[in-house]
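> Per the working numbering, residue 429 is the first one in the first sequence, and the count goes up by one each step.
Built from N, CA and C at the ideal position, the CB exists for glycine as well.
Note that the structure is a prediction, hence the values are computed from the model and not measured.
Dumping the structure here so I can ask a few things about it.
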Amino acid sequence: MKKPRLKFQTPTGMRDILPEEEAYYERVYSIADQYADFYGFKKIETPILEDYELFVKSTGPTTDIVEKQMYLLKTKGGEYLALRPEFTPSLARSYFENGMVAWPHPVKLYTRGPLFRYERPQAGRYRQFHQINFETFGSKKPIAEVEIIWLFVKILEKLGIKNIVVEINSIGDSQCRPYYKKVLTRYLKRNETALCATCRKRLKRNPLRVLDCKEVRCQKIVKQGPQIVDYLCEECHDHFEKVLEYLEALGIPYILNPYLVRGLDYYTKTVFEIIPQKDQETRQSALVGGGRYDGLLKLIGKQDIPACGGAGGVERIIDFLKEENISVKRKESTPEIFIAQLGDEAKIESLKLIEEFQKAKIPVTFQLSRDSLTNQLKIANRKKVKYVIIIGKEEVLKKAPILRNMETGDQKSVPRNRLIKEVKNALKKEKRTRLK
RNA sequence: GUGGCCUUGGUGUAAUGGCAGCACAAGGGCCUGUGGAGCCCUUAGUGGCGGUUCGAAUCCGCUAGGCCACCCCA
429 MKKPRLKFQT PTGMRDILPE EEAYYERVYS IADQYADFYG FKKIETPILE DYELFVKSTG
489 PTTDIVEKQM YLLKTKGGEY LALRPEFTPS LARSYFENGM VAWPHPVKLY TRGPLFRYER
549 PQAGRYRQFH QINFETFGSK KPIAEVEIIW LFVKILEKLG IKNIVVEINS IGDSQCRPYY
609 KKVLTRYLKR NETALCATCR KRLKRNPLRV LDCKEVRCQK IVKQGPQIVD YLCEECHDHF
669 EKVLEYLEAL GIPYILNPYL VRGLDYYTKT VFEIIPQKDQ ETRQSALVGG GRYDGLLKLI
729 GKQDIPACGG AGGVERIIDF LKEENISVKR KESTPEIFIA QLGDEAKIES LKLIEEFQKA
789 KIPVTFQLSR DSLTNQLKIA NRKKVKYVII IGKEEVLKKA PILRNMETGD QKSVPRNRLI
849 KEVKNALKKE KRTRLK
């Protein structure tokens, strides 16, 4: 619980990512990069700011994201821009704008980076957060969304995450969903008095959302009501069956959740979430979410292109890694050599030395702003380096710095021109004895 | 947008209406060019505004942040 009451600090819900935390991000990103590449998803980046209308049109004007969570800003030129709250609209826009329609299909894209939603911060939820995101444009085959689920499962596995489940459902398409909506609405209306207040509102605006209400009373009613799977049209039914068949073939464990609907307007057919097993009850912290959105592209471009995609929440994945005690090793260099200098000539000489070590790819550390040898050795000691090179006036004159072993306290003077070689040998010896 | 808890040096904490203290960290010294220990010194704090009171870190109000939950989502 930290809160430095400073003049300037990060805005609410935003935070600095410090070195320790950064190691986790690097880990997640590097694995995502690697797997994206293997599975043929091409990495692209889109601007953080987009035309505000893009999200209104695609994410949906009645969604919470658009209604209350978007960062909206007006430029000096009078345009309305939004900080992107999700990736899909941006990628769909980019698909049309860059003529990807003419690329060999399906077009498989990968992107990652910060997203912004204005809401109250909470565990695993920030106003600036990060996602890894995959989209496939131009395939209506069920394998397309399975591929994305597969990819996410692989990435999570590689990160060391087990104990997760894929929850999956089909919410139909424009053929069958309207009818189901009607049936559901009729059913819910009959039981309206037993629903919670918000669900009574939902009933008018978006009755499907009643399905994933967490109120016990609503769940009770929903459980006895009609399920979408029984109302799918033939095409959606077959599609869904194929999806499940592929998942089984891949050995990906999944759970059918007939009440999974998701909050964005544009989904059709398959919707899925990947959730830690322990959160299955609450479904509070989905690590990954996505689905098919065949109707979206025609809303923002000329052609009607089938598409699907999914997004993984980087912060949530990292939180989960930490909860599961999956540690991430930092890959920064750990210098084993400290260069200590005394006096001006020696300081200049040590600058040259540092460059030589850099060229020889030997990581060194130093504190040029310190002058006393005592202090420099103290620092060297704290940094747990193996060797210290000491250069003073005398050593500059003799062209022979001192090489000191910090463990044994032995030291000897080494001719300047042989120093790098000598250090290399010493480090090699260290490594060998450590292996024994 | 709603609710609960919280806010004291860089960090972790103590003081419950009466002198803001301790530990660690940091910087310096004891020790002129040789570290790890010890000792000494220094820097540095009640988030902000207002109220109650002889007196407020402490009680009250507002405000700003933080954490958590609801809503919703990754």
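1. Under the assumption that residue 719 contacts residue 664 (Cβ atoms under 8 angstroms), give the Cβ distance between them as a whole number of angstroms.
2. Using beta-carbon positions only, say whether residue 519 and residue 472 come within less than 9 angstroms of one another.
3. List the residues that DSSP assigns as beta-bridge partners of residue 803.
4. Just tell me which of 633, 627 and 534 has its CA closest to the CA of residue 643.
5. Return the first residue and the last residue of the alpha helix (DSSP H) that residue 518 is part of.
6. Please state the DSSP three-state secondary structure of residue 599.
7. Around the C-beta of residue 769, are 16 or more other C-beta atoms found within 10 angstroms, so that it is buried, or is it exposed?
8. Going by beta-carbon coordinates alone, are residue 558 and residue 792 separated by less than 9 angstroms?
9. Measure from the alpha carbon of residue 795 to the alpha carbon of each residue in 787, 775 and 788, then state which is nearest.
10. Tell me whether residue 435 is buried or exposed, calling it buried when 16 or more other Cβ atoms sit within 10 Å of its Cβ.
11. Could you check if residue 860 is buried or exposed, using at least 16 other CB atoms within 10 Å of its CB as the buried criterion?
12. Judging by CA-CA distance, which residue of 641, 527, 805 and 750 is the nearest neighbour of residue 731?
13. For residue 747 and residue 683, what's the separation of their Cα atoms in angstroms?
14. Distance, Cα to Cα, residue 657 vs residue 564?
15. Please report how far the alpha carbon of residue 621 lies from the alpha carbon of residue 496, in whole angstroms.
16. Mapping DSSP to helix, strand and coil, what is residue 487?
17. Let me confirm a value: residue 734 is counted as buried when at least 16 other C-beta atoms fall within 10 Å, else exposed. Which label applies?
18. How should residue 483 be labelled, buried or exposed, when 16 other C-beta atoms within 10 angstroms of its C-beta is the threshold for buried?
19. Who are residue 696's beta bridge partners in DSSP?
20. Using CA atoms only, rank isn't needed, just tell me which of 818, 839 and 836 is closest to residue 829.
21. So is residue 534 buried or exposed if we call it buried at 16+ other beta carbons inside 10 Å?
22. For residue 591 and residue 685, which I take to be in contact (beta-carbon distance under 8 angstroms), what is that distance rounded to the nearest angstrom?
23. So residue 724 and residue 740 are supposed to be a Cβ contact under 8 angstroms. How far apart are they, rounded?
24. Just to confirm before moving on: does the CB-CB distance between residue 579 and residue 469 stay below 9 angstroms?
25. If you check the beta carbons only, do residue 577 and residue 738 fall under 9 angstroms apart?
26. What residues are listed by DSSP as bridge partners for residue 563?
27. State whether the segment 660-676 contacts the segment 696-709, with contact taken as three or more CB pairs (one from each stretch) at a distance under 8 angstroms.
28. For residue 756 and residue 821, I'd like the C-alpha separation in whole angstroms.
29. Could you tell me the distance, in whole angstroms, from the CA atom of residue 464 to the CA atom of residue 538?
30. If we call anything under 9 angstroms between Cβ atoms a contact, is residue 858 one with residue 814?
31. Please indicate yes or no: does the CB of residue 731 lie closer than 8 angstroms to some heavy atom of the ligand MN?
32. Between residue 650 and residue 608, which are expected to be in contact by the criterion C-beta below 8 angstroms, what is the C-beta distance as a whole number of angstroms?
33. Does DSSP classify residue 555 as helix, strand or coil?
Let me spell this out:
1. As a working mapping, residue 719 is identified with position 291 in the first sequence. As a working mapping, residue 664 is identified with position 236 in the first sequence. With 8 angstroms as the limit, residue 719 and residue 664 do not qualify as a contact, their Cβ atoms being about 13 angstroms apart.
2. Within the first sequence, numbered from 1, the residue matching residue 519 stands at position 91. Within the first sequence, numbered from 1, the residue matching residue 472 stands at position 44. Contact flag set, yes.
3. If you number the first sequence from 1, residue 803 lands on position 375. Residue 803 pairs with nothing; no bridge assigned.
4. What you label residue 643 is simply residue 215 of the first sequence in a count that begins at 1. Comparing Cα-Cα distances from residue 643 to each of 633, 627 and 534, the minimum goes to 627.
5. Start at 1 with the first residue of the first sequence, and residue 518 comes out as number 90. Start and end: 516-525.
6. Mapped onto the first sequence, residue 599 falls at position 171. Coil at residue 599, not helix or strand.
7. The count along the first sequence starts at 1 and reaches residue 769 at position 341. Label assigned to residue 769: buried.
8. Residue mapping note: residue 558 aligns to position 130 of the first sequence, counting from 1. Residue mapping note: residue 792 aligns to position 364 of the first sequence, counting from 1. Taking 9 angstroms as the Cβ cut-off, residue 558 and residue 792 do not qualify as a contacting pair.
9. Here residue 795 refers to the residue found at position 367 of the first sequence. Residue 795 has its Cα closest to that of 775, out of 787, 775 and 788.
10. Your numbering for residue 435 matches position 7 in the first sequence. Exposed: under 16 other Cβ atoms inside 10 Å.
11. Walking along the first sequence from the start, residue 860 turns up at place 432. Flag for residue 860 reads exposed.
12. Your numbering for residue 731 matches position 303 in the first sequence. The shortest Cα separation from residue 731 among 641, 527, 805 and 750 belongs to 527.
13. Residue numbering aside, residue 747 sits at position 319 when the first sequence is read from its first letter. Residue numbering aside, residue 683 sits at position 255 when the first sequence is read from its first letter. Distance between the alpha carbons of residue 747 and residue 683 is about 23 angstroms.
14. Position 229 of the first sequence holds residue 657. Position 136 of the first sequence holds residue 564. Answer to the nearest angstrom: the Cα atoms are 24 angstroms apart.
15. To locate residue 621, count along the first sequence from 1; it is residue 193. To locate residue 496, count along the first sequence from 1; it is residue 68. Their Cα atoms are separated by approximately 28 angstroms.
16. To locate residue 487, count along the first sequence from 1; it is residue 59. Of the three classes helix, strand and coil, the one that applies to residue 487 here is coil, per DSSP.
17. As a first step, residue 734 must be located in the first sequence, where it is residue number 306. Buried, since its Cβ has 16 or more Cβ neighbours within 10 Å.
18. Along the first sequence, one-based indexing puts residue 483 at 55. By the 10 Å Cβ count, residue 483 comes out buried.
19. To locate residue 696, count along the first sequence from 1; it is residue 268. The partner list for residue 696 (beta bridge, DSSP) reads 720.
20. Taking the first residue of the first sequence as 1, we reach residue 829 at position 401. When each option's Cα is compared against that of residue 829, the closest is 818.
21. Locating residue 534 in the first sequence gives position 106, counting from the first residue. Buried: at least 16 other Cβ atoms inside 10 Å.
22. Here residue 591 refers to the residue found at position 163 of the first sequence. Here residue 685 refers to the residue found at position 257 of the first sequence. That pair is no contact at about 17 angstroms.
23. Within the first sequence, the letter at position 296 stands for residue 724. Within the first sequence, the letter at position 312 stands for residue 740. At roughly 20 angstroms, the Cβ-Cβ gap does not stay under 8 angstroms, so residue 724 and residue 740 are not in contact.
24. Within the first sequence, the letter at position 151 stands for residue 579. Within the first sequence, the letter at position 41 stands for residue 469. Against a cut-off of 9 angstroms, the Cβ pair of residue 469 and residue 579 comes out as a contact.
25. The sequence position of residue 577 within the first sequence is 149, counting from 1. The sequence position of residue 738 within the first sequence is 310, counting from 1. Yes. Within cutoff.
26. The residue labelled residue 563 in the question sits at position 135 within the first sequence. DSSP lists 537 and 737 as partners of residue 563.
27. yes
28. If you number the first sequence from 1, residue 756 lands on position 328. If you number the first sequence from 1, residue 821 lands on position 393. C-alpha separation (whole angstroms): 44 angstroms.
29. If you number the first sequence from 1, residue 464 lands on position 36. If you number the first sequence from 1, residue 538 lands on position 110. In a straight line, the C-alpha of residue 464 is about 7 angstroms away from that of residue 538.
30. Locating residue 858 in the first sequence gives position 430, counting from the first residue. Locating residue 814 in the first sequence gives position 386, counting from the first residue. For residue 858 and residue 814, yes; Cβs fall inside 9 angstroms.
31. The model on display carries no ligand, and the ligand MN is accordingly not part of it.
32. Position 222 of the first sequence holds residue 650. Position 180 of the first sequence holds residue 608. Not quite, the Cβ-Cβ distance comes to about 13 angstroms (not below 8 angstroms), so this is no contact.
33. Position 127 of the first sequence, counting from 1, holds the residue named residue 555. Residue 555 falls in the coil class under three-state DSSP.
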